[in-house]
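Protein chains in written order, with the working numbering: chain A, 4 to 605; chain R, 407 to 560.
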């Protein structure tokens with residue numbers, strides 16, 4: 004029986020915590036109460052994107068999108084929309100900018116500008132039901148590959164598609180498969196790298212929570228292409244919901260014969276097991292990941308030999324990341340030429356970005372390669388909130404660098420980002436405005452690498468520590484001009500001599516901010532001023548003229564450095580001030596500033 | 407409480423299951439740690455030297471040989487959370503729990519830790535308490551969470 008209506012409730016982790024399960028149950032009971040028929044389906048789906056405005060409810064066939072739905076709104080939606088076909092105006096999703104209300108999901112700029120391949124099913128199907136995946140052409144690609152193609156042809160399609168690894172490096176997936184297929188061995192392995200750890204990136208989690216079968220299907224195709232019968236998914240223990248949904252999906256796939264022996268009567272056997280990561284960022288590096296699956300400390304080793312020759316348990320192994328796999332079934336369904344027609348010449352297809360930081364629409368988006376940063380930030384992302392100026396976007400997390408306003412119109416692809424001194428990385432994109440200090444940001448990323456360096460090779464273990472020492476000095480106001488040169492030469496040396504990708508890219512945030520924001524470094528070193536008003540030793544707290552004299556700041560100051568009468572402007576005694584920022588947090592009218600331009604007002 | 411032997415018997419005697427065993431056992435234990443006696447039993451079962459087991463535990467940040475509180479609180483301190491003021495969340499926890507990073511409260515109820523990205527950047531700041539992640543935190547929200555957890559004990 005066909006369902007007349009579908010009510011999809013975002014069951015992504017964010018919305019789930021704001022009670023999407025209760026929402027679903029309430030929809031069900033309301034529909035029963037009004038006796039509206041059993042051809043109305045309710046389901047929890049994967050993440051819709053636009054997480055800041057959740058929880059979302061999407062109603063088919065009209066594709067009406069409601070946002071910020073509360074339990075008490077359910078009755079109204081059911082009585083008005085479901086029973087009488089009248090959408091509930093006040094709950095319709097509103098645009099961030101013009102507050103225009105949108106009836107239809109595809110009308111939104113946020114969705115209209117996107118091309119969703121990897122995220123095609125996220126927020127559209129119920130991830131807990133394999134039949135919904137199958138209804139959206141799920142496992143058709145696997146059937147086509149196993150019944151009509153040879154392993155060689157399967158590898159050839161991947162080569163022709165030009166798909167490049169979405170986990171960071173951008174190595175052509177087809178070539179990886181070809182190397183592994185050419186290795187002769189009695190046993191081979193396929194590994195899905197789901198050890199997503201880049202600060203700011205969460206697309207792999209979204210795919211695994213919203214569309215787990217796409218990854219299982221792609222891994223099975225991968226196994227057939229290279230001659231492997233066993234696959235592992237290495238996933239962070241920090242993603243409990245994704246682990247749970249994967250376990251369920253593997254069970255369903257086994258029951259239907261999409262995993263196990265003699266899949267589609269082709270004589271091909273394939274099984275997938277889960278392995279949990281125990282909290283080490285470096286395990287995202289493929290040789291470290293392999294060591295971790297073997298039950299060892301997750302430390303990388305020298306390459307060659309590459310995993311395609313000598314990988315897991317010494318056997319040829321192919322490692323791809325979650326987003327790469329999520330693209331693969333579609334490549335086989337629609338063909339390599341179709342895939343190549345999307346994106347740019349050297350980077351085909353789309354890329355998922357996790358947009359965060361100072362941006363109106365935070366969340367996941369998927370755009371064709373070659374889309375410009377301006378389109379991503381201003382059109383899809385809705386621009387910078389509070390009328391602030393765009394300063395930079397950090398891509399590639401702790402391995403990447405920043406892109407400045409001058410490069411807003413550069414088409415984003417693997418090679419252009421490297422040319423700009425950044426990298427695609429896994430696709431985290433953090434937008435900064437004038438309130439962010441670039442030296443502080445670089446220091447933050449470096450703190451991450453120092454913490455996560457496995458300690459095996461000296462340049463990474465010692466070098467990043469020394470760079471961090473220098474940055475700490477600069478932020479405290481004790482830096483010298485010589486320090487800037489040392490940062491640069493040390494950074495280049497670490498890049499050249501580290502063992503694995505973690506060390507080779509660790510200096511990028513520092514080198515790229517040094518290149519684009521050298522003036523800001525110099526202000527810290529020469530003028531002993533932090534222009535963004537972030538580094539506490541290099542800033543002054545000043546009361547502005549819009550002070551209303553409410554005395555809140557004086558009452559909150561832990562050292563009694565603020566004086567002033569009720570309803571009169573207050574003053575901060577800078578000799579007593581310890582720059583804790585308590586006054587700034589307490590002020591109801593934003594009358595306390597740390598910006599150098601306000602210092603004259605003292 | 408689940409006995410270590412029950413967990414061990416589920417796994418083949420291969421080193422590749424070491425991390426799985428450690429994670430599962432540690433999660434099942436009230437104070438979330440692997441004792442030296444546990445190390446000895448696991449080492450004997452898998453046929454892996456004790457030194458090797460200890461070396462694996464010390465490498466991974468989720469594994470510990472030190473007893474922890476009933477609730478392990480991990481505050482994300484990466485850039486997306488940081489720019490959304492995760493510092494105020496951490497400071498609030500330090501204030502109400504009266505412990506610092508890596509320490510456990512005297513009543514063995516809470517352990518406070520700073521962790522790397524929890525993948526919840528779009529709803530920063532975030533923190534994890536055992537297997538549950540809390541997002542879009544404010545100092546007031548944190549206070550309520552802690553009070554609720556304290557209440558649960560009674």
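All C-beta atoms in this analysis are idealised placements derived from N, C-alpha and C, irrespective of residue type, glycine included. No experiment lies behind these values; they were computed from the predicted model shown.
Would you identify the three-state DSSP class for residue i, choosing helix, strand or coil?
| i | result |
| --- | --- |
| residue 596/A | strand |
| residue 50/A | coil |
| residue 479/A | helix |
| residue 134/A | helix |
| residue 152/A | coil |
| residue 477/R | strand |
| residue 541/R | coil |
| residue 403/A | coil |
| residue 101/A | At residue 101/A the pLDDT is 40, less than 50, meaning the model places this residue with poor confidence and gives no usable figure here. |
| residue 527/A | helix |
| residue 355/A | strand |
| residue 393/A | strand |
| residue 45/A | strand |
| residue 533/R | strand |
| residue 520/A | coil |
| residue 506/A | helix |
| residue 384/A | coil |
So the alpha helix (DSSP H) residue i belongs to, where does it begin and stop?
| i | result |
| --- | --- |
| residue 441/A | 441-455 |
| residue 254/A | 243-258 |
| residue 433/R | 424-434 |
| residue 222/A | 215-229 |
| residue 484/A | 484-500 |
| residue 309/A | Careful: residue 309/A lies outside any alpha helix (DSSP H) and carries neither H nor E. |
| residue 499/R | 492-503 |
Would you mind stating whether residue i and residue j have Cβ atoms separated by less than 8 Å?
| i | j | result |
| --- | --- | --- |
| residue 415/A | residue 384/A | no |
| residue 81/A | residue 12/A | no |
| residue 325/A | residue 211/A | yes |
| residue 431/A | residue 425/R | no |
| residue 467/R | residue 283/A | yes |
| residue 292/A | residue 194/A | yes |
| residue 166/A | residue 173/A | no |
| residue 242/A | residue 525/R | yes |
| residue 532/A | residue 596/A | no |
| residue 335/A | residue 144/A | yes |
| residue 457/A | residue 261/A | no |
Given this structure, state the Cα-to-Cα distance separating residue i from residue j, to the nearest angstrom.
| i | j | result |
| --- | --- | --- |
| residue 503/A | residue 418/R | 32 Å |
| residue 264/A | residue 230/A | 14 Å |
| residue 547/A | residue 540/A | 20 Å |
| residue 450/R | residue 413/R | 14 Å |
| residue 396/A | residue 410/A | 10 Å |
| residue 103/A | residue 534/A | Confidence in residue 103/A is poor, its pLDDT being 49 and thus under 50, which makes the residue's placement unreliable; the coordinate value appears in the next sentence. Roughly 37 Å separates the two Cα atoms. |
| residue 341/A | residue 350/A | 13 Å |
| residue 462/A | residue 453/A | 11 Å |
| residue 428/R | residue 476/A | 40 Å |
| residue 515/A | residue 404/A | 5 Å |
| residue 237/A | residue 565/A | 54 Å |
| residue 133/A | residue 204/A | 27 Å |
| residue 79/A | residue 37/A | 12 Å |
| residue 192/A | residue 131/A | 27 Å |
| residue 583/A | residue 498/R | 14 Å |
| residue 184/A | residue 228/A | 7 Å |
Which residues bound the beta strand (DSSP E) around residue i?
| i | result |
| --- | --- |
| residue 68/A | 67-69 |
| residue 523/R | Careful: residue 523/R lies outside any beta strand (DSSP E) and carries neither H nor E. |
| residue 9/A | 8-13 |
| residue 195/A | 192-197 |
| residue 264/A | 263-266 |
| residue 60/A | 60-63 |
Should residue i be listed as close to the ligand SAH, given that the test is whether its C-beta is under 7 Å from any heavy atom?
| i | result |
| --- | --- |
| residue 278/A | In the structure shown, the ligand SAH is absent, as is every other ligand, since no ligand is present at all. |
Notebook entry, point to check: For the region 538-564 of chain A, which residues have a beta carbon sitting closer than 8 Å to at least one beta carbon of chain R?
Noted result: none
Notebook entry, point to check: Going along the chain, which residues of the region 436-448 of chain A sit with their C-beta nearer than 8 Å to a C-beta in chain R?
Noted result: 439, 444, 447, 448
Checklist line | chain R contacts from the region 288-299 of chain A (Cβ-Cβ distance under 9 Å) | finding: 295, 296, 297, 298, 299
Next item on the list: Using a Cβ-Cβ cut-off of less than 7 Å, give me the residues of the region 240-260 of chain A that come near chain R, in sequence order.
Entry: 240, 241, 242, 243
Next item on the list: Note down, in chain order, all residues in the region 421-437 of chain R with a beta-carbon under 8 Å from any beta-carbon belonging to chain A.
Entry: 421, 422, 423, 424, 425, 426, 428, 429
Notebook entry, point to check: Got a sec: which bits of the region 516-534 of chain R sit with their beta carbon under 8 Å from any beta carbon on chain A, in order along the chain?
Noted result: 521, 522, 523, 524, 525, 526, 527, 528, 529, 530, 534
Notebook entry, point to check: Listed in chain order, which residues of the region 365-386 of chain A have Cβ atoms closer than 9 Å to some Cβ of chain R?
Noted result: 365, 366, 367
Next item on the list: May I ask you to list, following chain order, the residues of the region 458-486 of chain R that have a beta carbon less than 7 Å from some beta carbon of chain A?
Entry: 461, 462, 465, 466, 467, 468, 469, 484, 485, 486
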